[in-house]
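Worksheet: one structure, shown below.
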Amino acid sequence: MKIRLKKILQNVSFVILLLKMCFIFGQKKVVVIDPGHGGKDTGAIGVNNIQEKEVVLNVAKEILKLNKTVLDDAFEIYLTRYKDTLISLSDRTRLARRLNADVFVSLHCNASQTYSKGIEVYVHDSDNLNTEVSIALGVSVLNKSTQKLGFKERGLKFANFQVLREAVSFFPSVLVEMGFVTNPDEADYFLKPKNNRAMALAVLLGVTNYLNTGL
Numbered sequence: 002m003k004i005r006l007k008k009i010l011q012n013v014s015f016v017i018l019l020l021k022m023c024f025i026f027g028q029k030k031v032v033v034i035d036p037g038h039g040g041k042d043t044g045a046i047g048v049n050n051i052q053e054k055e056v057v058l059n060v061a062k063e064i065l066k067l068n069k070t071v072l073d074d075a076f077e078i079y080l081t082r083y084k085d086t087l088i089s090l091s092d093r094t095r096l097a098r099r100l101n102a103d104v105f106v107s108l109h110c111n112a113s114q115t116y117s118k119g120i121e122v123y124v125h126d127s128d129n130l131n132t133e134v135s136i137a138l139g140v141s142v143l144n145k146s147t148q149k150l151g152f153k154e155r156g157l158k159f160a161n162f163q164v165l166r167e168a169v170s171f172f173p174s175v176l177v178e179m180g181f182v183t184n185p186d187e188a189d190y191f192l193k194p195k196n197n198r199a200m201a202l203a204v205l206l207g208v209t210n211y212l213n214t215g216l
């Protein structure tokens, strides 16, 4: 089944909504985007040898560009890596703490031996004040990315991933699995630069919505 990609980048009202939401902010919020894997750690390898580490970095860089060009630098956005290098999991969250992050979003791609598809978002199930707000952030990102892009929604889930475990005590934190590189349709989707930009815009909208409304 082909993914029904909605033409986000041609939807003027969608972009205007983003702008209106961001103008409400006073002091800039600090958003740390963590492109998973890197260097010798390719992450999942999918159809046509597409590599998870490349997909997530491409999307992360598009988030940076959109914040600058569409949102007029509404946020202070930092990446945990800007090129194909391997950064330890502890160093990723340590950097976010030093930057006094308001939110932490780790980007990944899924893989499966079956014909699995869709987007899912993980939070850490901690007895922590940030757990509830992490859930709100995760729901916002999940809703915006699936509603705007037409991906199957696989739901909000809990996991003991190290980056979430080490981050949740300090700020709301989510890990986004942006589709399956082992699914032919979703792997092909990420081969097109305009689709990486669409995914980035959807994730950024989810973060914006959360920071603006807490929902």
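Residues in the sequence shown are numbered consecutively from 2, following our numbering. Every residue gets a Cβ at the ideal spot worked out from N, C-alpha and C, and that includes glycine.
Exercise for the section: Answer with buried or exposed for K30, where buried requires no fewer than 16 other C-beta atoms within 10 angstroms of its C-beta. Expected result: Counting from 1 along the sequence shown, the entry for residue 30 is found at position 29. Under this definition K30 is a buried residue.
Practice task
May I have the straight-line CA-CA distance separating V140 from G180, to the nearest angstrom?
Solution key: Within the sequence shown, numbered from 1, the residue matching residue 140 stands at position 139. Within the sequence shown, numbered from 1, the residue matching residue 180 stands at position 179. Between V140 and G180, the C-alpha separation is close to 16 Å.
Practice task
Go through its chain and collect everything with a Cβ distance to L87's Cβ below 7 Å, but skip five positions before and after it.
Solution key: As a working mapping, residue 87 is identified with position 86 in the sequence shown. So the qualifying residues of the chain are G39, G40, K41 and D42.
Practice task
Give the single residue among N184, V106, K193 and Y123 whose Cα lies nearest to the Cα of T209.
Solution key: Looking up residue 209 in the sequence shown gives position 208. The residue with the shortest Cα to Cα distance from T209 is V106.
Exercise for the section: Return the chain-ordered ranges of every beta strand (DSSP E) run that is complete within the stretch 75 to 110 and spans a minimum of 3 residues. Expected result: 77 to 80
Practice task
Under 8 Å Cβ to Cβ from E53, same chain only, skipping five residues before and after it: list those, please.
Solution key: Residue numbering aside, residue 53 sits at position 52 when the sequence shown is read from its first letter. Counting only Cβ-Cβ distances below 8 Å, and skipping sequence neighbours, we find G37, H38, T43, G44, A45, I46, G47, H109, C110, A112 and V182.
Exercise for the section: Helix, strand or coil for D186, going by three-state DSSP, please let me know. Expected result: Translated into the one-based positions of the sequence shown, residue 186 becomes position 185. D186: helix per DSSP, three-state reduction.
Practice task
Mark D103 as exposed unless 16 or more other C-beta atoms lie within 10 angstroms of its C-beta, in which case mark it buried.
Solution key: Taking the sequence shown and counting its residues from 1, one reaches residue 103 at position 102. It is buried - the Cβ of D103 has at least 16 other Cβ atoms within 10 Å.
Practice task
Let me know the secondary structure DSSP gives V204 once reduced to three states.
Solution key: Translated into the one-based positions of the sequence shown, residue 204 becomes position 203. The answer is helix: DSSP assigns V204 an H, G or I state.
Practice task
Look at T132 and V169 and say whether their C-beta atoms are less than 8 Å apart.
Solution key: Here residue 132 corresponds to residue number 131 of the sequence shown, with the count starting at 1. Here residue 169 corresponds to residue number 168 of the sequence shown, with the count starting at 1. It is a contact, given that the beta carbons lie within the stated cut-off.
Handout entry: Between the CA atoms of T214 and L157 - distance to the nearest angstrom
Key = Against the sequence shown, residue 157 aligns to sequence position 156. Against the sequence shown, residue 214 aligns to sequence position 213. Cα-Cα distance, rounded: 19 Å.
Exercise for the section: Assign P173 to buried or exposed, taking buried as 16 or more other Cβ atoms, counted over all protein chains shown, within 10 Å of its Cβ. Expected result: Against the sequence shown, residue 173 aligns to sequence position 172. Buried, since its Cβ has 16 or more Cβ neighbours within 10 Å.
Practice task
Can you tell me which of S127, A75, V164 and A61 puts its alpha carbon nearest to the alpha carbon of A199?
Solution key: One-based indexing of the sequence shown puts residue 199 at position 198. Minimum Cα distance to A199 is reached at A61.
Practice task
Quick one: which unbroken alpha helix (DSSP H) runs of 4-plus residues sit fully inside the stretch 113 to 183? Chain order, please.
Solution key: 130 to 150 and 163 to 168
Practice task
Assess, as a yes-or-no matter, whether the stretch 141 to 150 is touched by the stretch 65 to 85 under the definition of 3 or more beta carbon pairs within less than 8 Å.
Solution key: no
Problem - Proximal residues to L205 (C-beta, below 6 Å), its chain only, five neighbours per side dropped - result: By 1-based counting over the sequence shown, the position of residue 205 is 204. So the qualifying residues of the chain are I64 and L67.
Exercise for the section: Given a cut-off of 8 Å, decide if L130 and Y211 are closer than it, judged by their beta-carbon atoms. Expected result: Counting from one through the sequence shown, the residue named residue 211 turns up at place 210. Counting from one through the sequence shown, the residue named residue 130 turns up at place 129. No, Cβ-Cβ distance for Y211 and L130 is not below 8 Å.
Exercise for the section: Tell whether a beta-carbon distance below 8 Å holds between E178 and T94. Expected result: The residue you call residue 178 lines up with position 177 of the sequence shown. The residue you call residue 94 lines up with position 93 of the sequence shown. Their beta carbons are not under 8 Å apart, which means E178 does not touch T94 by this criterion.
Practice task
In the DSSP assignment, find the unbroken alpha helix (DSSP H) run with V56 in it and report its ends.
Solution key: In the sequence shown, residue 56 corresponds to position 55, counting from 1. Here the alpha helix (DSSP H) through V56 covers E53 to T70.
Problem - Beta-carbon proximity list for Y123, same chain, < 6 Å, skipping 5 on both sides - result: Along the sequence shown, read from residue 1 onward, the residue named residue 123 stands at position 122. Same-chain partners within the cutoff: K158, A160 and L176.
Handout entry: Cβ-Cβ separation, N59 to N197 (assumed contact under 8 Å), whole Å
Key = As a working note, residue 197 is residue 196 in the sequence shown. As a working note, residue 59 is residue 58 in the sequence shown. Going by Cβ atoms, the distance from N197 to N59 rounds to 5 Å, so yes, they are a contact pair.
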